[in-house]
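Keeping their order, the protein sequence lines are chains A and B.
In terms of the numbering used here, the first sequence opens at residue 8 and continues consecutively.
In terms of the numbering used here, the second sequence opens at residue 8 and continues consecutively.
C-beta: ideal position from N, C-alpha, C; glycine also.
Note that the structure is a prediction, hence the values are computed from the model and not measured.
There are 2 protein chains.
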Amino acid sequence: MSAPFSFLTLACDPGTAARRGRITTPHGSIETPAFMPVGTAGTVKAMTPEDLEALGFEMILGNTYHLALRPGEDVVRRLGGLHRFMGWERAILTDSGGFQVLSLADLRTLSDDGVEFRSHLDGSLLSMTPERSMQIQEALGSDIVMAFDDCPALPSDRPRIEAAVRRTTLWARRSREAFRKEGRALFGIVQGGDDRELRERSVAEIAAIGFEGHAIGGVSVGESAGLSRSIVALTAPLLPQDRPRYLMGMGTPGDLVEMMGLGCDLFDCVLPTRNARNGTLFTSTGRLQIKRREFLDDPRPVDDTCACPVCRRFSRAYLRHLYLAGEILAMRLNTLHNLHQYADLMRRARSAIEAGRYAEFAAGFRSRWADQRPVDEAGRPWPRRHTAGGRKIAGEVIE
Amino acid sequence: MSAPFSFLTLACDPGTAARRGRITTPHGSIETPAFMPVGTAGTVKAMTPEDLEALGFEMILGNTYHLALRPGEDVVRRLGGLHRFMGWERAILTDSGGFQVLSLADLRTLSDDGVEFRSHLDGSLLSMTPERSMQIQEALGSDIVMAFDDCPALPSDRPRIEAAVRRTTLWARRSREAFRKEGRALFGIVQGGDDRELRERSVAEIAAIGFEGHAIGGVSVGESAGLSRSIVALTAPLLPQDRPRYLMGMGTPGDLVEMMGLGCDLFDCVLPTRNARNGTLFTSTGRLQIKRREFLDDPRPVDDTCACPVCRRFSRAYLRHLYLAGEILAMRLNTLHNLHQYADLMRRARSAIEAGRYAEFAAGFRSRWADQRPVDEAGRPWPRRHTAGGRKIAGEVIE
Chain A
8 MSAPFSFLTL ACDPGTAARR GRITTPHGSI ETPAFMPVGT AGTVKAMTPE DLEALGFEMI
68 LGNTYHLALR PGEDVVRRLG GLHRFMGWER AILTDSGGFQ VLSLADLRTL SDDGVEFRSH
128 LDGSLLSMTP ERSMQIQEAL GSDIVMAFDD CPALPSDRPR IEAAVRRTTL WARRSREAFR
188 KEGRALFGIV QGGDDRELRE RSVAEIAAIG FEGHAIGGVS VGESAGLSRS IVALTAPLLP
248 QDRPRYLMGM GTPGDLVEMM GLGCDLFDCV LPTRNARNGT LFTSTGRLQI KRREFLDDPR
308 PVDDTCACPV CRRFSRAYLR HLYLAGEILA MRLNTLHNLH QYADLMRRAR SAIEAGRYAE
368 FAAGFRSRWA DQRPVDEAGR PWPRRHTAGG RKIAGEVIE
Chain B
8 MSAPFSFLTL ACDPGTAARR GRITTPHGSI ETPAFMPVGT AGTVKAMTPE DLEALGFEMI
68 LGNTYHLALR PGEDVVRRLG GLHRFMGWER AILTDSGGFQ VLSLADLRTL SDDGVEFRSH
128 LDGSLLSMTP ERSMQIQEAL GSDIVMAFDD CPALPSDRPR IEAAVRRTTL WARRSREAFR
188 KEGRALFGIV QGGDDRELRE RSVAEIAAIG FEGHAIGGVS VGESAGLSRS IVALTAPLLP
248 QDRPRYLMGM GTPGDLVEMM GLGCDLFDCV LPTRNARNGT LFTSTGRLQI KRREFLDDPR
308 PVDDTCACPV CRRFSRAYLR HLYLAGEILA MRLNTLHNLH QYADLMRRAR SAIEAGRYAE
368 FAAGFRSRWA DQRPVDEAGR PWPRRHTAGG RKIAGEVIE
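Take a look at the structure:
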């Protein structure tokens with residue numbers, strides 16, 4: 008429980024930029040590349056800590072913005088920190104709250120000092136600054152703390168993106184100053200939108216500050232999947248080799264496979280958990296809408312190649328029934344299945360990198376997988392688009 | 008998996024009418040007295056079969072009315088019956104649908120033939136008769152099938168209750184005729200409202216038909232807790248000694264303790280599961296509303312004498328946070344805790360009967376427990392009252 012943060016590269020794939028690594032934290036080690044389930048409000052929705060341990064996850068993501076609003080970081084600190092509060096003994100990475108204050112909160116005022124905003128829960132006026140973000144994440148007791156950044160939606164015009172790069176660097180320095188290490192790690196975030204020159208500038212400025220790891224921010228914020236991937240392709244190779252690279256908020260299975268090939272080590276996305284609750288299940292070959300009539304009396308498991316506890320015991324017909332009846336158990340079983348699919352994909356990817364056959368692995372995945380952008384319940388593209396100004400997404404609370 | 012139904016009395020308490028027994032079914036045996044969690048729509052809400060097994064439950068209750076409406080008993084039969092459909096390998100008792108068609112459905116017409124009603128799901132016109140109830144329960148593959156009965160709410164006038172007794176006997180005979188045994192058991196249900204003479208008449212008529220067990224119906228249908236207990240106190244001793252006695256739908260912990268002392272062997276109630284979802288948690292001394300502000304940063308478990316997986320890992324503060332945040336995990340953890348409390352109470356009661364010290368056990372319980380009728384989220388008495396005419400309870404779907 009007391010090892011300081013470290014990152015070790017164990018193997019590099021000869022045919023791609025993929026690498027096998029190991030992150031050590033005060034709460035255990037993480038074999039990378041790794042996917043982090045999103046635990047917004049002190050729980051990965053519908054999962055217990057035992058569930059996540061059994062699925063093999065070694066680190067989860069917590070949301071600074073949500074936890075600061077409810078129950079408040081002081082409550083979490085008094086109860087021994089987020090690990091103890093939620094009964095999770097493995098590692099926790101917390102985001103900085105930057106993305107949420109810009110996407111969720113109302114009436115924000117963005118300045119070099121920070122962001123003033125109104126809580127999406129009760130409308131109270133609050134502010135977030137680099138110093139405040141560090142204070143909250145310290146109270147939560149995160150193993151990996153994220154620097155506070157300015158994350159504009161895409162598309163945004165060049166002046167907005169350039170300002171975000173400048174402000175992100177300013178805030179990264181203030182985050183670094185305010186951060187108290189104590190064995191934990193602080194990661195810097197790179198911005199720069201879809202502009203090559205600004206991405207290069209942001210990488211240079213952030214890397215110069217000296218962080219324990221680096222994140223690619225400003226993706227999956229409204230742009231197409233193709234553009235997201237292009238941004239990562241130009242940014243990832245610029246980041247220091249000897250530190251973990253975390254790709255923020257992007258994560259269809261296809262995204263993960265491609266981005267691991269570009270040398271990304273850490274991933275998070277609400278897709279497997281949120282899609283589960285919407286009845287969209289991942290299989291080894293694509294997606295399945297469990298509510299469809301064709302599954303009415305289908306006795307097969309969701310995926311007959313899947314070894315998860317759901318596929319071992321329950322039929323598509325039963326899962327369809329639970330979903331249509333609005334049963335809580337539907338949420339739980341669908342989430343278990345989707346997270347198992349993600350955990351399994353990452354395990355197989357790590358093995359392929361160790362074997363020096365990642366290109367072959369990725370080609371096999373592409374040939375099986377009918378990749379498409381995910382859709383929400385109404386068949387609209389998901390994630391929903393930010394407007395150019397980064398306004399709150401109507402009626403939706405992002406995890 | 009193929010033992011025919013049997014009931015064995017293992018021990019009789021010397022100071023009360025409590026008895027220890029064992030029911031054997033094609034899906035395993037049940038140590039009695041036993042509490043059955045309610046699995047309305049093919050799932051005990053928020054629980055997996057593994058959860059229920061780990062809690063030690065040996066039989067659950069399924070709802071004929073709900074499953075016939077959705078997904079339909081033909082679907083369940085095609086998928087191998089309810090056990091296989093929901094992945095539960097232990098015993099299942101199904102109710103007859105009588106209570107639900109009278110309490111949930113709209114526009115019902117009650118005659119000696121049966122009940123015509125409209126589905127609460129889609130308004131379609133359906134009918135339920137003794138023969139139809141047997142057909143559905145056979146398709147579900149229940150281990151214990153309940154005869155179709157006419158269950159009036161309380162208060163009802165004497166002619167209504169007398170008609171229900173007559174019709175319940177008529178329907179019990181038709182249920183017996185239509186029932187195909189195949190190792191399973193058919194239980195008859197006694198009605199008679201709060202009228203001693205009608206209860207005696209109903210017991211005599213139902214017992215004469217020859218059922219494998221008997222149930223006390225027509226309680227927990229709008230009357231006070233005191234009246235419910237009086238009805239059971241006058242009815243239970245009249246029921247044949249050599250068959251299981253099932254008290255339908257009544258089940259505060261205090262009810263269970265008193266009614267076991269009167270010789271009841273089987274119980275079901277939505278109280279532990281529904282209260283869990285409403286944030287009401289049972290402890291060894293009473294109830295606790297988890298949303299209360301006093302628990303904001305309370306690091307203690309719900310009950311420090313409780314060995315359940317929730318009390319071993321989570322604080323009141325965390326459970327309060329999950330509940331207020333509307334997290335699915337709140338439903339699951341609260342339900343796990345409440346069902347553990349019930350399972351534990353029954354285990355301790357069975358030990359006390361074996362030791363011949365049930366009166367002492369019950370006295371100890373009464374001295375600790377601040378018994379009160381449960382309340383719903385709005386603080387109103389629960390279960391909600393039927394109106395005298397047995398109309399649908401506005402806006403609420405009874406499990």
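Residue range of the unbroken alpha helix (DSSP H) whose run includes residue i
i        : result
Phe372/A : Tyr365 to Arg375
Ala41/B  : No alpha helix (DSSP H) contains Ala41/B, which is instead part of the beta strand (DSSP E) from Ala41 to Met43.
His221/B : Run containing His221/B: none in the alpha helix (DSSP H); it sits in the beta strand (DSSP E), Gly220 to Ile223.
Gly268/A : Pro260 to Gly268
Leu111/B : First-last for Leu111/B: undefined, no H or E at that position.
Gln142/B : Pro137 to Leu147
Arg327/A : Arg323 to Leu331
Residue i and residue j closer than 8 Å at C-beta
i        : j        : result
Asp141/B : Val108/B : Here the sequence assigns Met to residue 141/B, which means Asp is not the residue at that position. No.
Gly199/B : Val172/B : yes
Arg91/B  : Gly35/B  : no
Val51/B  : Pro40/B  : no
Ile223/A : Asp202/A : no
Leu76/A  : Ile67/A  : no
Trp178/B : Pro137/B : yes
Arg323/A : Lys298/A : no
Nearest-angstrom beta carbon gap, residue j and residue i [assumed within contact, 8 Å]
i        : j        : result
Ser209/A : Thr175/A : 7 Å
Pro279/A : Asn345/A : 4 Å
Ala356/B : Val264/B : 7 Å
Gly225/A : Ile213/A : Not quite, the Cβ-Cβ distance comes to about 12 Å (not below 8 Å), so this is no contact.
Phe343/B : Cys315/B : Sequence check: residue 343/B is Leu here, not Phe. Yes, they are in contact, since the Cβ atoms of Leu343/B and Cys315/B sit about 6 Å apart, within 8 Å.
Three-state secondary structure (DSSP) of residue i
i        : result
Asp275/B : strand
Arg97/B  : coil
Ile184/A : Checking the sequence shown, residue 184/A turns out to be Glu, not Ile. It is helical.
Gly256/A : coil
Cys318/B : helix
Glu212/A : helix
Ala75/B  : helix
Thr242/B : helix
Gln198/B : coil
Thr290/B : coil
Met153/A : strand
Ala337/A : helix
Chain B contact for residue i (CB, 8 Å cutoff)
i        : result
Cys19/A  : no
Glu307/A : According to the sequence as given, residue 307/A is Arg; it is not Glu. No, Arg307/A lies away from the interface with chain B (no Cβ there is under 8 Å from its Cβ).
Gly49/A  : yes
Lys298/A : no
Val82/A  : yes
Leu324/A : The displayed chain sequence assigns Ala, not Leu, to residue 324/A. Output row for Ala324/A: interface = yes.
Ala53/A  : yes
Leu111/A : no
Gly130/A : no
Arg339/A : yes
Leu329/A : yes
Arg77/A  : yes
Leu86/A  : yes
Gly320/A : With the sequence shown as reference, residue 320/A is identified as Arg, and Gly is not the correct amino acid for it. Yes, Arg320/A counts as interfacial toward chain B.
Residue i beta carbon near the ligand MG (any heavy atom closer than 7 Å)
i        : result
Met338/B : The model on display carries no ligand, and the ligand MG is accordingly not part of it.
8 Å Cβ cutoff, residue i in contact with chain A
i        : result
Glu334/B : yes
Pro44/B  : no
Met255/B : no
Gly94/B  : yes
Asp102/B : no
Asp311/B : no
Asp262/B : no
Val382/B : A caution first: Val382/B carries a pLDDT of 48, below 50, which makes its placement in the model unreliable, though a value can still be read off. Val382/B does not count as touching chain A.
Beta carbon proximity, residue i to chain C, threshold 8 Å
i        : result
Phe302/B : The structure shown contains no chain C; its protein chains are A and B.
Span of the beta strand (DSSP E) around residue i
i        : result
Thr32/B  : Arg26 to Thr32
Leu303/A : It is not in any beta strand (DSSP E) - Leu303/A carries neither H nor E in the DSSP assignment.
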